[in-house]
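Using my numbering, read the sequence shown as starting at 85 and increasing by one per residue. For glycine and all other residues, C-beta sits at the position ideal for the given N, C-alpha and C. Quick caveat, the model's predicted, so the values are computed rather than measured. Take a look at the structure below.
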Amino acid sequence: MGEVCMKYEPDNIYEGDARNLAEHIDANTVALSVWSPPYHVGKAYERDMSFFDWKNLLRRTIEAHSIILKPGAFLAINIADILCFKDPDMPRIMAENISRRKRNDITREKVLEVWSRHPGFNRKQIAAILGCSEQTVDRRMKGNNIRGGKYETQTRVKLVGGMIEQYALDCGLYLYDRRAWVKDAAWENSRWHTMSYRAVDEFEYIYIFWKPGHTKVDKDRLTDDEWTTWGSRGVWYIPSVRANDDHEAKFPLELPRRVIRLLTDPGDLVLDCFVGSGTSATAAIRENRRFIGVDVCPSSVDLAKRALTLALMKGKQENLDLFQLTRKSSEAAPNKPIKTDVA
Ligand SMILES: C[S@@+](CC[C@H](N)C(=O)[O-])C[C@H]1O[C@@H](n2cnc3c(N)ncnc32)[C@H](O)[C@@H]1O
């Protein structure tokens, strides 16, 4: 007899592989899945993944969603195009730097030198002295080359939207909508910006896929103001996370919060199978949804567990405060008639 797989229970975080979700989550149970996968840009958690492996990860994870999503439910994927896709077959761009504008010449040695003179300073203060961005300081220290093959001459832009649309269609999920998330021009000082006609990296997408079935459209989920400012808008302006100190690729809390408020009701089950630091866990619990988080990396699982526990504790405390407040006010006005619906 085969081994029985552990079932994932709501309000928990699990160490696991997003590709295997269907073994752990019952079919037709998830009201919304919202996640941001590895982007194939050379982060630590994807260093050993080839482009083929990465595509396979996305394909298989999306396939699993065609099983576990409720009919009529949504899958929201936050992802960006690969802005520097190494392609040795591409003709070389023989571009001359005519204007000879000053390039960012901040080296790791310079950062270390300034830091040794100001050991108590934080990244922002060091950046101010060097006249560069915090991101430059961070990258010099961590050796984090955000653009993968940035220094290669033969790189092109690889669009990923069509790729994941096809994976979804192949398993019966339909692209329903997409939003652009405008972050901030985080890489203003980058060599990419100054040495080419390519724009700085300042937006990503949120692709929303739909599993055929009955879908409730309830405009009362949002206030009028929320509808006007973001619910009905294709472009979401949300500053990116400033300090990726505990996890290197967090999305801002506001991103999953919006998707959750727009596409689910309180009590619904929300999933993030690339849960990272647990941002979506915090968003879901704060919005009174149930939540399952999954990540392959044990240190992310620890972070997400902490985020989830904190959000659950806060929620309990708020309920307790509300209960005590209601009790106090009814004690203060004991003779006030109690309103009931019974005639
Ligand atoms: C872009 S990060 C997600 C960050 C998250 N949204 C946050 O705000 O912290 C992608 C995460 O996917 C995880 N990951 C990579 N491969 C995975 C896999 N096969 N299954 C589950 N998680 C995986 C990584 O460990 C990483 O934490």
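Secondary structure in the segment 331–418: the beta strand (DSSP E) runs of 3 residues or longer, each lying completely within the stretch, are 353–356 and 374–379 in chain order.
Non-local beta-carbon contacts of residue 151 in its own chain, meaning distances under 7 Å to residues more than five positions away in sequence, involve 106 and 111 in chain order.
Straight-line measurement puts the Cα of residue 124 at about 17 Å from the Cα of residue 103. Any heavy atom of ligand 1 within less than 7 Å of a residue's beta carbon puts that residue on the list, which reads 100, 101, 102, 103, 119, 120, 121, 122, 123, 129, 130, 141, 331, 333, 334, 335, 356, 357, 358, 359, 360, 361, 362, 363, 364, 378, 379, 380, 381 and 384. Taking 8 Å as the cut-off, the Cβ atoms of residue 350 and residue 336 do not count as close. With respect to residue 384, residue 364 sits apart: the two C-beta atoms are not nearer than 8 Å. Straight-line measurement puts the Cα of residue 355 at about 10 Å from the Cα of residue 95.
Take the alpha-carbon of residue 162 and the one of residue 214: they are about 33 Å apart. Contact between the segment 197–207 and the segment 370–389 is not established, with fewer than three Cβ pairs separated by less than 8 Å.
Scanning its chain for C-beta atoms nearer than 6 Å, with the 5 sequence neighbours on each side dropped, one finds around residue 347 the residues 116 and 158, in chain order. In the structure shown, residue 111 falls within a coil segment according to DSSP collapsed to helix, strand and coil.
For residue 141, the uninterrupted alpha helix (DSSP H) segment begins and ends at 135–152.
At the C-beta level, residue 250 and residue 172 stay beyond 8 Å of one another. No residue range can be given for residue 95, since it is assigned to no alpha helix (DSSP H) and is classified by DSSP as neither H nor E. The three-state reading of DSSP puts residue 123 in coil, since its state is none of H, G, I, E or B. Under the DSSP assignment, residue 264 falls in the beta strand (DSSP E) whose first and last residues are 258–266. Just measuring C-alpha positions, the residue of 338, 387 and 386 sitting nearest residue 368 is 338.
As the crow flies, the alpha-carbon of residue 160 is around 4 Å from that of residue 292.
Taking the Cα positions, residue 399 is about 25 Å away from residue 311.
Residue 306 and residue 189 have their C-alpha atoms some 48 Å from each other. Judged by DSSP in its simplified three-state form, residue 200 adopts helix.
Contact between residue 359 and residue 97 holds: their C-beta atoms lie close to 6 Å from each other, under 8 Å.
Taking the Cα positions, residue 132 is about 21 Å away from residue 248. Cβ contact annotation for residue 129 (same chain, cutoff 7 Å, sequence separation greater than five): 122 and 381, in chain order.
Residue 214: member of the alpha helix (DSSP H) spanning 207–214, first to last residue. Secondary structure of residue 283 (DSSP, three-state): coil.
Distance from the CA atom of residue 334 to the CA atom of residue 120, rounded to whole angstroms, is 9 Å. By a beta-carbon distance limit of 8 Å, residue 288 does not contact residue 211. Their separation comes to about 24 Å.
Contact annotation, residue 373 with residue 352: C-beta distance approximately 5 Å; criterion of less than 8 Å satisfied. A distance below 8 Å separates the beta carbons of residue 146 and residue 255. Where residue 251 is concerned, the enclosing alpha helix (DSSP H) starts and stops at 245–254. Taken through DSSP and simplified to helix, strand or coil, residue 170 comes out as strand. For the pair residue 134 and residue 245, the Cα-to-Cα distance works out to about 19 Å.
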